[in-house]
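Written out below as structure tokens is the structure these notes cover.
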Ligand code: SF4
Ligand code: SF4
């Protein structure tokens, strides 16, 4: 287990019923680099080539904001109602 994985393992999540991450499906179809699948430390985004579909495992999101900077086609909000990641520092 890498140091990053050890740190991520300490986090817990209050899962929302709805996603706070909304990529633009039309843009994703045309997107060549799919940088969201590379940049996310939690591997939230996965692209299925055979189905031509981007899946978003929003419940694993660390709310770091990297994807919103990397791609302007993701509508990004914090999870509603205090849901989402709960960081543990020790
Ligand atoms: S979310 Fe952005 S980077 Fe990811 S596949 Fe869609 S357009 Fe590309
Ligand atoms: S905010 Fe960070 S952890 Fe959440 S999906 Fe974007 S890159 Fe991944």
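Numbering (the numbering used here), first residue to last: 4 to 93.
The beta-carbon is built from N, C-alpha and C at its ideal position, and this holds for glycine as well.
The beta carbons of residue 62 and residue 18 sit about 5 Å from each other, so the pair counts as a contact at 8 Å. Relative to ligand 2, even the nearest heavy atom lies 6 Å or more away from the CB of residue 38. Short of 7 Å from the beta carbon of residue 60, and not among the five residues preceding or following it, lie these beta carbons of its own chain, in chain order: 47. Taken in chain order, the whole alpha helix (DSSP H) runs of length 4 or more contained in the segment 30 to 58 are 39 to 42. In the structure shown, the three-state DSSP call for residue 10 is helix.
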